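Engineer: Input: one structure, supplied below.
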Amino acid sequence: MTQIHLQQVAPVFLEAEKLANSQLWKQSLSFAKGGRIQIVAPSGSGKTSLIHFLYGMRKDYSGTIQFDQQKMSDVDAEEMAVIRSSQLSIIFQDLRLFPDHSAAENISIKRLLAPYHKEPKIEEMARHLGIHSKLGQLAKTCSYGEQQRVAIIRALQQPFDFLILDEPFSHLDERNRQKAMELIEAEASDRKAAIILADLKPIEYFKADQLYKL
Amino acid sequence: MALSVKNIVPYLHISQNRSSRVFSYIGLGIGVLLLLCSVQMYININELIHDKNPRKNGFDYISVTKTITNENMGGDNRFSAEDVAELKTAPGILDAAPLVSNQFRVKASAGNIIPFSTDLFLESVQNDFIDTVPQNFSWQPGQLDVPIIFSADFLEMYNVFAPAQDLPQLSQSSISAVNIILECYGANGVKADYRGRIVAVSDRINSVLVPENFLQWANKSFGMGPQATAARVYIKTVDANNANLLSFLEKKNYHVNKDKTKFGRVKQILQGIVSGLGGFALLVILLAMMLFSFYLQLMIARSKDNLQLLLTLGYSPGWLSKTVARKWLPVYIGIVLIALSATQILQYIFQQRFMAARDELSPFLHPVVLGVAAILLVLCVMVNYRLIKKLLYKL
Chain A
0 MTQIHLQQVA PVFLEAEKLA NSQLWKQSLS FAKGGRIQIV APSGSGKTSL
50 IHFLYGMRKD YSGTIQFDQQ KMSDVDAEEM AVIRSSQLSI IFQDLRLFPD
100 HSAAENISIK RLLAPYHKEP KIEEMARHLG IHSKLGQLAK TCSYGEQQRV
150 AIIRALQQPF DFLILDEPFS HLDERNRQKA MELIEAEASD RKAAIILADL
200 KPIEYFKADQ LYKL
Chain B
0 MALSVKNIVP YLHISQNRSS RVFSYIGLGI GVLLLLCSVQ MYININELIH
50 DKNPRKNGFD YISVTKTITN ENMGGDNRFS AEDVAELKTA PGILDAAPLV
100 SNQFRVKASA GNIIPFSTDL FLESVQNDFI DTVPQNFSWQ PGQLDVPIIF
150 SADFLEMYNV FAPAQDLPQL SQSSISAVNI ILECYGANGV KADYRGRIVA
200 VSDRINSVLV PENFLQWANK SFGMGPQATA ARVYIKTVDA NNANLLSFLE
250 KKNYHVNKDK TKFGRVKQIL QGIVSGLGGF ALLVILLAMM LFSFYLQLMI
300 ARSKDNLQLL LTLGYSPGWL SKTVARKWLP VYIGIVLIAL SATQILQYIF
350 QQRFMAARDE LSPFLHPVVL GVAAILLVLC VMVNYRLIKK LLYKL
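Protein chains in written order, with numbering that gives the first Met the number 0: chain A, 0 to 213; chain B, 0 to 394.
Laid out in structure tokens, this is it:
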């Protein structure tokens with residue numbers, strides 16, 4: 000079964016005091032496919048660092064992160080590309096869109112890599128999240144809330160076993176948060192995938208089966 | 000829709016630095032054209048001058064004599080066995096064979112049809128040094144017929160003076176029909192007649208050649224002097240213009256027939272010039288490739304954020320490198336095809352306008368030129384791909 004296993008993981012730069020009070024740093028724990036994991040972390044506790052470690056973007060940590068028995072620190076660029084296009088998807092806190100490309104292009108460039116849905120599904124999702132009229136607009140001219148929804152739709156275009164979310168609703172109102180969560184839940188369930196959601200505080204409409212305070 | 004270069008190009012700032020890109024294309028085009036023209040010219044020179052060189056099986060055979068000067072003209076200027084042995088081991092020489100001459104008097108006449116009579120010299124050399132050796136160029140003891148290989152130059156000379164002497168001119172094929180009576184005179188008034196028959200004409204060796212065993216026997220039977228020595232030695236070499244060989248011969252004060260190697264020298268100079276041009280072309284190609292690599296580095300630096308994000312989203316660096324490199328494949332193919340076409344046009348004009356009478360020169364490109372063009376294309380694409388891959392892995 001696909002699993003992410005953390006063994007005594009800790010960022011090399013984090014103070015000892017913060018590590019001692021954490022339920023996740025310096026612990027041994029596993030995230031299994033199909034799980035719902037919520038990580039609650041105040042600012043400065045290493046939340047975004049953890050997300051980057053899990054996505055294989057950074058290696059400045061001690062301990063080991065294993066993805067399906069494979070050490071993340073040993074995975075090379077080509078293998079990581081395969082994992083990212085077929086097993087791991089992410090919504091970054093800072094969104095990471097192509098500012099000079101339209102919302103539709105930002106979504107398509109991910110869908111083209113490993114299409115999970117047919118193209119019309121983009122429009123359907125955009126309509127659900129209320130940004131269908133913004134699809135032709137350059138990302139940099141969209142509001143932060145709209146950009147956040149573009150990033151959410153982009154993350155749902157590929158197959159994945161784990162969907163990693165880093166403050167995915169920070170710029171959305173309550174109604175849009177719920178709609179986005181519904182969409183994410185539906186897509187993750189469709190793939191029997193796990194959701195790892197990290198945020199500043201617990202999100203009440205996310206039904207987590209594992210909760211960790213960082 | 001399958002993922003292709005079209006999907007990636009909008010994320011690259013390829014339209015930046017248009018001038019350096021265009022200059023690199025033009026430079027590459029000129030370099031490739033120069034190189035292809037140089038290769039074709041090198042081949043042209045080889046084909047045009049090849050037949051002029053007295054070669055057999057790809058070797059040069061050159062006559063070597065000792066230089067006669069005022070100081071040594073009274074002495075014996077023939078080659079000793081030691082001289083010949085030394086020549087065999089000299090740099091650039093594959094083999095050496097002395098031209099042994101008769102040591103008895105020989106008189107030749109052609110009977111009543113061609114009424115002339117002359118004192119003659121006979122020589123012999125190893126068969127493999129002769130350019131035309133028919134199967135009947137052999138002699139057995141007791142045989143009265145002696146096959147002769149006659150110098151083409153001598154035949155030409157005969158045909159020049161024959162009309163003035165009221166003698167018939169002879170072609171290379173008709174000369175074999177002439178019956179020559181060889182009168183050999185030995186000591187104490189011994190005389191023997193043999194029937195000489197010209198079985199071949201030699202372009203290479205200026206002599207009247209008879210089989211080696213005949214001359215050995217005749218020198219023993221009629222000769223009056225000691226062991227026969229040679230005034231001329233033929234050397235076998237791969238390259239008559241070998242600098243080491245020429246300096247050795249000069250040091251030993253040996254004389255070579257410069258005319259025989261004249262075309263080889265001209266060819267060497269021309270090929271040297273064309274090779275120089277080829278080297279210059281390679282330099283131009285290298286500079287153009289460098290200019291293009293600067294453009295690529297700049298393009299990738301400017302597209303860095305987008306490329307990094309593509310990699311973060313899950314695009315493989317290997318696939319991206321191939322895809323980005325493939326973007327310029329049509330450009331490279333275009334440049335090489337244009338250069339090939341221009342080379343073909345130049346070759347056609349060269350052959351039609353200047354070498355129309357030379358059948359050995361084709362108006363079309365030699366396959367080697369096409370091969371060089373293909374190699375250049377592969378090299379350009381490979382260098383491009385490796386550079387992009389290296390830059391992408393650094394991101």
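Even for Gly, the Cβ is constructed at its ideal location relative to N, Cα and C.
Computed from a predicted model, the values in this text were never measured in an experiment.
From the DSSP output, read off the bridge partner residues of Asp-192 (chain B).
Structural biologist: Here residue 192 (chain B) refers to the residue found at position 193 when the second sequence is read from its first residue. Paired residue(s): B:Glu-182.
Engineer: Helix, strand or coil: how does DSSP classify Gln-351 (chain B) here?
Structural biologist: Taking the second sequence and counting its residues from 1, one reaches residue 351 (chain B) at position 352. In the structure shown, Gln-351 (chain B) sits in a helix (DSSP, three-state: H, G or I).
Engineer: Would Ile-38 (chain A) and Leu-196 (chain A) qualify as a contact pair, given that the criterion is a beta-carbon distance under 8 Å?
Structural biologist: Taking the first residue of the first sequence as 1, we reach residue 38 (chain A) at position 39. Taking the first residue of the first sequence as 1, we reach residue 196 (chain A) at position 197. In this structure, Leu-196 (chain A) lies closer than 8 Å to Ile-38 (chain A) by Cβ.
Engineer: Pick helix, strand or coil for Val-37 (chain A), following the three-state DSSP scheme.
Structural biologist: Mapped onto the first sequence, residue 37 (chain A) falls at position 38. The sequence given here places Gln at residue 37 (chain A); Val does not occur at that position. Of the three classes helix, strand and coil, the one that applies to Gln-37 (chain A) here is strand, per DSSP.
Engineer: With distances taken Cα to Cα, identify the nearest neighbour of Glu-203 (chain A) among A:His-170, A:Arg-176 and A:Thr-63.
Structural biologist: Taking the first sequence and counting its residues from 1, one reaches residue 203 (chain A) at position 204. The option with the nearest alpha carbon to Glu-203 (chain A) is A:Arg-176.
Engineer: For Thr-140 (chain A), which of A:Arg-148, A:Arg-83 and A:Ala-102 has the nearest alpha-carbon?
Structural biologist: In the first sequence, counting from the first residue as 1, residue 140 (chain A) sits at position 141. Nearest C-alpha to Thr-140 (chain A): A:Ala-102.
Engineer: Output, in chain order, the set of chain A residues within a Cβ distance shorter than 9 Å of Gly-317 (chain B).
Structural biologist: Against the second sequence, residue 317 (chain B) aligns to sequence position 318. Within chain A, the residues near Gly-317 (chain B) are Ala-76, Glu-77 and Ala-80.
Engineer: Cutting at 8 Å between CB atoms, please list the residues of its own chain near Ile-42 (chain B), excluding the five before and the five after it.
Structural biologist: One-based indexing of the second sequence puts residue 42 (chain B) at position 43. Excluding positions up to five away in sequence, the list reads His-365, Val-367 and Val-368.
Engineer: Taking Phe-103 (chain B) as part of the beta strand (DSSP E), name the residues at either end of that continuous run.
Structural biologist: Position 104 of the second sequence, counting from 1, holds the residue named residue 103 (chain B). Counting along the chain, Phe-103 (chain B) falls outside any beta strand (DSSP E), and DSSP gives it neither H nor E.
Engineer: Thinking Val-255 (chain B) and Leu-121 (chain B) are a contact (beta carbons under 8 Å), I'd like their distance in whole angstroms, please.
Structural biologist: Start at 1 with the first residue of the second sequence, and residue 255 (chain B) comes out as number 256. Start at 1 with the first residue of the second sequence, and residue 121 (chain B) comes out as number 122. The Cβ separation is near 24 Å, so there is no contact.
Engineer: Using the rule of at least 16 other Cβ atoms within 10 Å of the residue's Cβ for burial, across every protein chain shown, is Met-79 (chain A) buried or exposed?
Structural biologist: For the purposes of this step, residue 79 (chain A) is taken as the residue at position 80 of the first sequence. The residue in question, Met-79 (chain A), is buried, as its Cβ has 16 or more Cβ neighbours within 10 Å.
Engineer: If Cys-183 (chain B) sits next to Phe-221 (chain B), beta carbons under 8 Å apart, how far is it from one beta carbon to the other, in whole angstroms?
Structural biologist: By one-based count along the second sequence, residue 183 (chain B) stands at place 184. By one-based count along the second sequence, residue 221 (chain B) stands at place 222. With a Cβ gap of about 5 Å, Cys-183 (chain B) and Phe-221 (chain B) count as contacting.
Engineer: Find the nearest neighbour of Phe-153 (chain B) within the set B:Arg-194, B:Asp-127, B:Arg-203 and B:Asn-126, judged by alpha-carbon distance.
Structural biologist: By one-based count along the second sequence, residue 153 (chain B) stands at place 154. The shortest C-alpha separation from Phe-153 (chain B) is found at B:Arg-203.
Engineer: List the DSSP bridge partners of Ala-193 (chain A).
Structural biologist: Along the first sequence, one-based indexing puts residue 193 (chain A) at 194. Bridge partners of Ala-193 (chain A): A:Phe-161.
Engineer: Express the C-alpha separation of Val-63 (chain B) and Ala-239 (chain B) in angstroms, rounding to a whole number.
Structural biologist: Counting from 1 along the second sequence, the entry for residue 239 (chain B) is found at position 240. Counting from 1 along the second sequence, the entry for residue 63 (chain B) is found at position 64. Taking the straight line joining both Cα atoms gives about 12 Å.
Engineer: Short check: CB of Asn-105 (chain A) to CB of Ala-76 (chain A), under 8 Å?
Structural biologist: For this step, residue 105 (chain A) is matched to residue 106 along the first sequence. For this step, residue 76 (chain A) is matched to residue 77 along the first sequence. No, the pair does not count as a contact, with Cβ atoms beyond the cut-off.
Engineer: Closer than 8 Å, CB to CB, is Asn-243 (chain B) near chain A or not?
Structural biologist: Residue 243 (chain B) sits at position 244 when you count from the first residue of the second sequence. No, because no Cβ of chain A sits closer than 8 Å to the Cβ of Asn-243 (chain B).
Engineer: Using a Cβ-Cβ distance under 8 Å, would Asn-6 (chain B) count as near chain A?
Structural biologist: Walking along the second sequence from the start, residue 6 (chain B) turns up at place 7. Yes, contact with chain A.
Engineer: Determine, using beta carbons only, whether Asp-67 (chain A) and Gln-2 (chain A) come nearer to each other than 8 Å.
Structural biologist: Residue mapping note: residue 67 (chain A) aligns to position 68 of the first sequence, counting from 1. Residue mapping note: residue 2 (chain A) aligns to position 3 of the first sequence, counting from 1. A contact, by the Cβ cut-off of 8 Å.
Engineer: Mind checking whether Asp-174 (chain B) and Phe-136 (chain B) have CB atoms under 8 Å apart?
Structural biologist: Against the second sequence, residue 174 (chain B) aligns to sequence position 175. Against the second sequence, residue 136 (chain B) aligns to sequence position 137. Just to set this straight, residue 174 (chain B) is Ile in the shown sequence, not Asp. Result no, Cβ atoms of Ile-174 (chain B) and Phe-136 (chain B) do not sit closer than 8 Å.
Engineer: Note the first and the last residue of the continuous beta strand (DSSP E) segment covering Val-83 (chain B).
Structural biologist: Locating residue 83 (chain B) in the second sequence gives position 84, counting from the first residue. Careful: Val-83 (chain B) lies outside any beta strand (DSSP E), inside the alpha helix (DSSP H) at 80-87.
Engineer: Give me the Cα-Cα distance between Lys-51 (chain B) and Ile-332 (chain B), rounded to the nearest whole angstrom.
Structural biologist: In the second sequence, the residue the question calls residue 51 (chain B) occupies position 52. In the second sequence, the residue the question calls residue 332 (chain B) occupies position 333. Bear in mind that the predicted position of Lys-51 (chain B) carries a pLDDT of just 45, short of 50, making it unreliable; the figure below should be weighed with that in mind. Going by the C-alpha atoms only, they are around 39 Å apart.
Engineer: Find the residues of chain B that neighbour Met-56 (chain A), judging by a C-beta separation of less than 9 Å, and give them in chain order.
Structural biologist: As a position in the first sequence, residue 56 (chain A) is number 57, starting the count at 1. Within 9 Å Cβ-Cβ: Thr-311.
Engineer: Kindly identify the DSSP beta-bridge partner or partners of Lys-219 (chain B).
Structural biologist: Position 220 of the second sequence, counting from 1, holds the residue named residue 219 (chain B). Per DSSP, none; premise fails for Lys-219 (chain B).
Engineer: Please work out which residues of its chain come closer than 6 Å, Cβ to Cβ, to Arg-54 (chain B), disregarding the five sequence neighbours upstream and downstream, and give them in chain order.
Structural biologist: Reading the second sequence from its first residue, position 55 is the one you call residue 54 (chain B). Its pLDDT being 49, under 50, Arg-54 (chain B) is placed unreliably by the model, and the measurement read from it follows with that caveat. Nothing meets the Cβ criterion.
Engineer: Keeping to the same chain, check which residues put their C-beta closer than 7 Å to that of Leu-94 (chain A); ignore five residues upstream and five downstream.
Structural biologist: As a position in the first sequence, residue 94 (chain A) is number 95, starting the count at 1. Gln-146, Gln-147 and Ala-150.
Engineer: Under 8 Å, Cβ to Cβ, is there at least one residue of chain B near Lys-200 (chain A)?
Structural biologist: One-based indexing of the first sequence puts residue 200 (chain A) at position 201. It does not; no Cβ of chain B falls within 8 Å.
Engineer: Buried or exposed: Lys-250 (chain B), going by 16 or more other Cβ atoms within 10 Å of its Cβ?
Structural biologist: Mapped onto the second sequence, residue 250 (chain B) falls at position 251. When all chains shown are included, Lys-250 (chain B) counts as exposed.
Engineer: From Asp-172 (chain A) to Ala-287 (chain B), what does the alpha carbon distance come to, in whole angstroms?
Structural biologist: Sequence index remark: in the first sequence, residue 172 (chain A) carries index 173 (1-based). Sequence index remark: in the second sequence, residue 287 (chain B) carries index 288 (1-based). Straight-line Cα distance between these residues: approximately 56 Å.
Engineer: Can you check which of these residues, A:His-100, A:Ile-108 and A:Ala-113, is closest to Leu-87 (chain A) by C-alpha distance?
Structural biologist: As a working note, residue 87 (chain A) is residue 88 in the first sequence. Of the candidates A:His-100, A:Ile-108 and A:Ala-113, the one whose C-alpha sits nearest the C-alpha of Leu-87 (chain A) is A:Ala-113.
Engineer: Is the beta carbon of Phe-103 (chain B) less than 8 Å from the beta carbon of Asn-218 (chain B)?
Structural biologist: Along the second sequence, one-based indexing puts residue 103 (chain B) at 104. Along the second sequence, one-based indexing puts residue 218 (chain B) at 219. Contact: yes.
Engineer: Counting only C-beta atoms, is His-239 (chain A) closer than 8 Å to chain B at any point?
Structural biologist: Residue 239 (chain A) is absent from the structure shown; chain A starts at 0 and stops at 213.
Engineer: Less than 6 Å between C-beta atoms, sequence neighbours within five positions excluded: which residues of the same chain meet that for Asn-243 (chain B)?
Structural biologist: Numbered from 1 along the second sequence, position 244 holds the residue referred to as residue 243 (chain B). For Asn-243 (chain B), where only same-chain residues beyond five positions count, the Cβ hits under 6 Å are Pro-90 and Gly-91.
Engineer: At what residues does the beta strand (DSSP E) containing Asp-59 (chain B) begin and finish?
Structural biologist: Position 60 of the second sequence, counted from the start, is the residue given in the question as residue 59 (chain B). Looking at the DSSP string, the run of the beta strand (DSSP E) that includes Asp-59 (chain B) is 58-65.
Engineer: Does the Cβ of Asp-59 (chain A) have 16 or more other Cβ atoms within 10 Å, making it buried, or fewer, making it exposed?
Structural biologist: On the first sequence, position 60 is the one that residue 59 (chain A) refers to. Under this definition Asp-59 (chain A) is an exposed residue.
Engineer: Residues in the same chain with beta-carbon distance under 6 Å from Ala-95 (chain B), minus the five sequence neighbours each way, listed in chain order, please.
Structural biologist: To locate residue 95 (chain B), count along the second sequence from 1; it is residue 96. Answer for Ala-95 (chain B): Val-83, Leu-86, Lys-87, Val-232 and Ile-234, listed in chain order.
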